[in-house]
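K.L.:
Structure incoming, see below.
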Amino acid sequence: MRKSFCIIVGFVIVVWLAGCNGAANTAATPSSGQVPAADGGTIPVVVKDEQDAIHAEGMVEPARAVTLRAGAGELIVAAPVAEGARVTAGDVLVRFDAADAELAIQQAEAGLALARAQLDLAQAGARPEQIAVIAAQLAAADALLAQATAQRDAENARAAQADVLDAQAGMMEAELTHTQADELHDDMMTCYTYTLPDGSEQQACPTLGTYEELTRFQMEAAYAALLAAQAQYGATQGLIAPQRNAAQAAVQSAEAQRDAVQAQLDLAQAGARAEAVAVAAAAVQRAETALAQAKAALDFTVVTAPFDGVLTALPVNAGDTVAAGEPLATLATLDQLQIKTKDLTELDVVSITVGQSARVTLDAKPDAPLPGRVVRIDPQGNNYLGDVIYTVVIALDAPAPDWLRWGMTAQVEMKNEEWRMESGEAITQPPDNPTLPIIAEALLEPGRWSQLRLTVGGRVAEKLVVTGDRVAQGDVLLRLDAALPALAVKEAEAAVATARAQLALAQVGARPEEIAAIEARLAAAQGERERAIALREQLKAGTEAEAAGAQAQLEAVSAAYKQALVTIGQSDDADDRKRLNLLTLRVQAAEARVAALPKVAAARLRAANAGIQTAEANIAILQAELDLLLAPPTPESIAVAQAEVRQAEAMLAAAHIALARTELRAPFDGVITQVFIEVGENVGAGQPVFILADVEQLQLTTIDLDERNVIRLVEGQTVQATVDALPGRVFTGRITHIQPQSVDYRGDVTYPLTIQLEESASELRWGMRAAVEIP
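Taking numbering that gives the first Met the number 0, the leading residue of the sequence shown gets 0, the next gets one more, and so forth.
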């Protein structure tokens with residue numbers, strides 16, 4: 000390091016002396032200078048010399064260069080091209096984990112298949128067997144309506160008034176019985192007073208005791224019967240309207256049921272509805288768009304070269320997880336280098352034209368100026384320390400020499416006449432002594448290291464490594480709480496099982512047990528029809544008997560009325576008048592019942608016939624359902640079931656991947672050098688949790704090698720290094736890579752070198768400083 004310091008000091012002195020000499024000669028040959036700036040610093044000034052030449056500072060840049068960056072936090076699975084390699088447009092530079100994108104395509108394909116199957120199903124309309132089932136249901140609904148209508152008519156035709164008259168007569172009869180019982184009891188309570196032979200009086204109650212108790216019980220029973228008759232009369236009057244309303248409501252319900260089934264039949268017979276087909280077709284278009292988007296997203300999992308060039312930087316490796324915005328690769332056309340000015344002001348740009356000749360002198364090799372020509376003048380200026388600066392691009396007339404590198408600084412002279420590149424025109428500057436070694440500062444670094452990140456967030460359940468642990472590729476380093484993802488897997492597995500079972504049902508059709516069940520129901524419905532026929536015949540016979548009974552009752556009460564009219568017709572006794580009124584009510588009730596029976600009988604017969612029709616319609620329904628069950632499955636229904644299986648399987652695959660991502664595995668063999676998390680901590684997706692490094696393969700990377708020295712080096716060159724922590728020990732190595740693009744190190748243009756050591760030592764650690772001596 001002391002030797003390096005002496006060389007650097009000497010170099011600074013030489014440059015200072017050269018600057019002083021140049022300052023002394025500025026009057027003769029004006030060139031770029033500096034003036035004080037407002038902030039106390041200096042700014043470059045571009046001036047013209049006596050030959051109208053314009054001087055400016057420039058930098059070597061490729062004609063095209065791009066740094067490709069990650070669009071989101073992603074896992075890199077491959078980086079097939081090595082840094083420094085020449086690539087052509089379309090070559091794969093980085094490949095990300097495509098599991099999510101491939102799953103999205105799988106899900107989109109399943110969704111598209113389902114949408115197309117549903118469109119086919121919508122266009123196919125109802126099957127003939129389905130229409131037959133609905134038609135049979137309509138016939139059953141018609142039969143139920145006829146039955147409800149007949150029952151309503153029977154209720155309306157029923158001799159309700161006869162029941163009221165009978166109840167009224169019963170109440171009057173109960174009143175009469177109660178009155179008689181009350182009078183008899185009063186008679187039993189009568190006592191008599193008589194005179195004895197001795198002249199004294201004595202009272203006697205001959206019926207008190209057992210006889211009085213019997214009559215009292217009869218009176219109480221008659222009173223209870225009167226209350227019951229009164230209640231019956233009130234109930235009979237109150238039930239007429241509700242029963243008729245209930246019968247009418249049953250008819251309305253049956254009509255609504257029939258109308259609903261009719262609407263279903265009309266819809267089924269109308270075929271595919273244009274609106275429903277349009278909705279299904281729109282769903283297909285959406286699914287096709289989703290599939291196209293998923294395929295486009297898959298393209299983003301591969302980063303390709305946008306043009307031919309050299310891969311100048313590749314800071315990532317397979318197994319790394321990068322965050323959004325992180326650089327992935329830098330590509331440049333190193334065979335098309337040009338010079339861009341950095342300090343050309345508005346005062347001088349007006350004197351420059353495209354095509355104007357220029358001479359470029361590189362700071363790295365001032366004794367070899369290069370001729371060029373202005374090929375572009377930027378139309379817009381930029382502010383630089385208060386001045387308006389315009390960028391001018393100079394292309395070299397001849398192919399760039401091998402030692403020219405991206406980032407080198409240059410001095411540019413531009414004038415209208417052609418430059419004659421003669422040996423005397425070279426800028427005189429003390430040349431470097433090629434016999435002196437180059438001394439550079441370097442750092443020990445692993446050949447490969449990576450910040451390990453999770454692609455999902457969650458709570459840390461297990462941390463399986465600590466700092467210093469050696470791990471192998473594939474080892475589990477950390478586990479997140481996987482309760483929810485595990486449940487999602489189970490749910491997805493159940494969905495897959497359900498979808499597969501539904502597909503199996505759609506493919507195999509009805510089972511023998513299902514067919515047997517419907518056949519049994521069909522046999523039962525046929526038995527119900529026979530029962531309905533028997534009930535109708537029974538009703539016919541009962542109606543005749545009921546009519547005969549009603550007529551006989553009418554004749555009986557009429558005869559009783561006539562007899563009472565003869566015997567008590569002229570009586571003034573109140574009880575006799577009540578008996579006569581009672582018989583009058585009985586006659587009126589019997590006449591009403593006889594008059595109503597024909598209408599009631601007809602309505603009951605219609606209801607019985609409707610019951611038979613209902614039974615026959617139920618038979619037709621079951622027969623249609625049996626035919627539908629025996630019909631083979633339609634291709635449309637099978638396609639829908641298959642698409643649902645694919646969709647469920649895609650969801651299951653996504654759930655498995657989400658569960659797997661709760662584990663972080665080592666992407667390569669190495670040592671855990673840093674740990675950033677603890678158990679119980681919540682981590683976010685993309686947050687660094689470990690640093691993993693291959694510390695067995697340590698290498699040196701220089702940090703201060705300037706542009707004047709880099710042109711003297713080649714890859715494969717032997718170097719010697721001394722590590723500050725191991726003084727006196729010398730390590731031999733070889734230059735394995737020279738960075739083609741410069742970096743800024745404390746304001747200087749430097750080019751990092753990568754040096755592979757030919758031997759190692761257990762004492763060496765990542766981050767140690769070293770001095771590299773290059774002959």
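Just so you know, even glycine gets a beta-carbon here, dropped at the ideal spot from N, CA and C.
(1) Buried or exposed: K489, going by 16 or more other Cβ atoms within 10 Å of its Cβ?
(2) Should A317 and V76 be called a contact, given that it needs their Cβ atoms to be closer than 7 Å?
(3) Taking the beta strand (DSSP E) that N708 belongs to, which residues open and close that run?
(4) From I532 to G541, what does the alpha carbon distance come to, in whole angstroms?
(5) Take L113 and list the residues in its own chain whose beta-carbon comes closer than 7 Å to its own, dropping the five residues that flank it on each side.
(6) Less than 8 Å between the CB atoms is what I'm expecting for W405 and V742, so what's the real figure, rounded?
(7) Excluding sequence positions up to five away, which residues of its chain have a Cβ less than 7 Å from the Cβ of T194?
(8) Given H184, which residues of its chain have a CB within under 6 Å of its CB, disregarding the five upstream and five downstream residues?
(9) Does the pairing of the region 355-371 with the region 388-397 give three or more beta-carbon distances under 8 Å?
(10) Along the alpha helix (DSSP H) that carries D703, what are the first and last residues, could you check?
(11) Compare the C-alpha of R585 against each of M170, A135, A134 and A121 and name the closest.
(12) Tell me A770's beta-bridge partners as DSSP assigns them.
(13) Measure the Cβ-Cβ separation of A71 and A323 and say whether it is below 7 Å.
(14) Use the C-beta contact count for P484: other C-beta atoms within 10 angstroms, 16 or more gives buried, fewer gives exposed.
(15) Would you report the Cα separation of K294 and Q105, rounded to the nearest angstrom?
(16) Can the beta-carbon of Q136 be found closer than 7 Å to that of I620?
(17) Whole angstroms is fine: what's the gap from I275's alpha carbon to E287's?
(18) Assign F95 to one of three DSSP states: helix, strand, or coil.
(19) Tell me D747's beta-bridge partners as DSSP assigns them.
(20) Rounded to the nearest angstrom, how far is the Cβ of T454 from that of A684, given a contact under 8 Å?
(21) Within the same chain, show all residues whose beta-carbon is closer than 8 Å to that of T303, passing over the 5 residues directly before and after it, in chain order.
(22) Quick one: what does DSSP say P825 is sitting in, helix, strand or coil?
(23) Can you name the start and end residues of the beta strand (DSSP E) that R68 belongs to?
(24) Hey, out of A123, A138, D705 and R63, whose CA is closest to D334's CA?
(25) Note down the Cα distance separating A487 from A654, rounded to an integer number of angstroms.
(26) Could you say which of A134, D197, A180 and L663 lies nearest to E212 if we only look at CA atoms?
(27) Along the chain, where does the beta strand (DSSP E) that runs through D366 open and close?
(28) Output the residue ranges of the alpha helix (DSSP H) runs that lie fully inside the region 306-366 and measure 4 residues or longer, sorted by chain position.
(29) Could you check what DSSP says for G727 in three-state terms: helix, strand or coil?
(30) From A588, V599 and A724, pick the residue whose C-alpha is nearest to that of K539; which is it?
(31) Can you list, in chain order, the residues of its chain whose CB lies under 8 Å from that of M767, leaving out five sequence neighbours each side?
(32) Give the secondary structure of V670 by DSSP, where H, G and I count as helix, E and B as strand, and everything else as coil.
(33) Taking the C-alpha atoms as reference points, what is the distance between R664 and E101?
(34) Given a cut-off of 7 Å, decide if F675 and P687 are closer than it, judged by their beta-carbon atoms.
(35) Pull the bridge partners of D386 from the DSSP assignment, please.
(36) How would you write the range of the beta strand (DSSP E) that G57 sits in, first residue to last?
P.N.:
With the structure as the only source:
(1) exposed
(2) yes
(3) Segment E706 to V709 is the alpha helix (DSSP H) holding N708; no beta strand (DSSP E) there.
(4) 14 Å
(5) V639, A642, E643 and Q646
(6) Between V742 and W405 the Cβ distance is about 11 Å, and since that is not below 8 Å, they are no contact.
(7) E200
(8) T214, R215 and M218
(9) yes
(10) Taken as a continuous stretch (DSSP letters only), D703 belongs to no alpha helix (DSSP H), as it is neither H nor E.
(11) M170
(12) E440 and T721
(13) yes
(14) buried
(15) 10 Å
(16) yes
(17) For clarity, residue 275 is Ala in the given sequence; the question names Ile instead. Spanning the two alpha carbons is a distance of roughly 19 Å.
(18) strand
(19) Y744
(20) 6 Å
(21) A88, G89, D90, V91 and L92
(22) As displayed, the chain neither begins before 0 nor continues past 774, which places residue 825 out of reach and without an answer.
(23) A64 to R68
(24) R63
(25) 6 Å
(26) A180
(27) K364 to I376
(28) 345-348
(29) coil
(30) V599
(31) L442, L443, V722, D723 and A724
(32) strand
(33) 21 Å
(34) yes
(35) Y383
(36) I53 to P61
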